[in-house]
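K.L.:
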Amino acid sequence: MGKVKYATGIDYVQGSLAKPKKRDGHKCGEYLIGTHRTAETQNPDCTRLYIRTAQTYDRSTPLSTKEMRIRVRFTAVAAAVKARKNSLEYASSDQAAFLAQKDAADGKKTMKAYLWKICGDQYDAEHPQG
50 MGKVKYATGI DYVQGSLAKP KKRDGHKCGE YLIGTHRTAE TQNPDCTRLY
100 IRTAQTYDRS TPLSTKEMRI RVRFTAVAAA VKARKNSLEY ASSDQAAFLA
150 QKDAADGKKT MKAYLWKICG DQYDAEHPQG
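Basically the numbering used here = 1-based index in the sequence shown + 49.
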């Protein structure tokens with residue numbers, strides 16, 4: 050196993066160092082992914098560098114019907130959340146309802162999470178699973 054040593058002043062890198070470029074319908078290059086182990090250990094070597102081919106993260110199967118439904122739901126709920134967040138019509142009632150449920154055991158802790166729940170429940174009521 051090789052050891053990774055970065056330049057002076059760089060202790061470690063966590064994340065993608067390089068990604069393949071997409072040109073003319075194909076990908077050129079490879080993924081370089083640096084990791085840093087944070088768990089306690091006796092081993093002083095806590096950095097790793099992985100090289101993956103450009104096709105590593107390409108999908109090998111077509112989207113299923115369930116995945117397509119999930120994507121459609123996500124898009125619709127995201128648009129509803131954005132519209133409701135910017136609407137003055139619901140501002141005061143949403144704020145009051147959010148504060149009322151915030152401290153409950155299963156309450157949403159942020160306004161955005163609360164709006165996602167409200168709009169998601171509304172979407173599910175309008176589009177029952179068949």
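Glycine included, each C-beta is placed from N, C-alpha and C at the ideal position.
1. Under 7 Å between the Cβ atoms of Pro80 and Lys68?
2. Kindly indicate which residue of Tyr172, Gly58 and Asn135 has the alpha-carbon position closest to the one of Cys119.
3. Between which two residues does the beta strand (DSSP E) carrying Tyr61 extend?
4. In whole angstroms, what separates the C-alpha of Lys54 from that of Asp60?
5. Might you give, ordered along the chain, the residues of its own chain that have their beta carbon closer than 6 Å to the beta carbon of Lys24, omitting 5 neighbours on each side?
6. How would you write the range of the alpha helix (DSSP H) that Tyr172 sits in, first residue to last?
7. Whether or not the region 81-88 and the region 98-112 are in contact is what I'm after, with contact meaning three or more pairs of Cβ atoms, one per stretch, closer than 8 Å; do they touch?
P.N.:
Taking the structure as given:
1. The sequence shown places Tyr at residue 80, not Pro. For Tyr80 and Lys68, yes; Cβs fall inside 7 Å.
2. The residue asked about is misnamed: residue 119 is Ile in this sequence, not Cys. The residue from Tyr172, Gly58 and Asn135 with its alpha-carbon nearest to that of Ile119 is Tyr172.
3. Segment: none, Tyr61 is in no beta strand (DSSP E) and carries neither H nor E.
4. One C-alpha to the other measures close to 9 Å.
5. Beyond the ends of the chain as shown, which are 50 and 179, falls residue 24; an answer cannot be given.
6. Per DSSP, Tyr172 belongs to the alpha helix (DSSP H) from Met160 to Glu175.
7. Per the Cβ contact rule, the region 98-112 is in contact with the region 81-88 (3 or more Cβ pairs under 8 Å).
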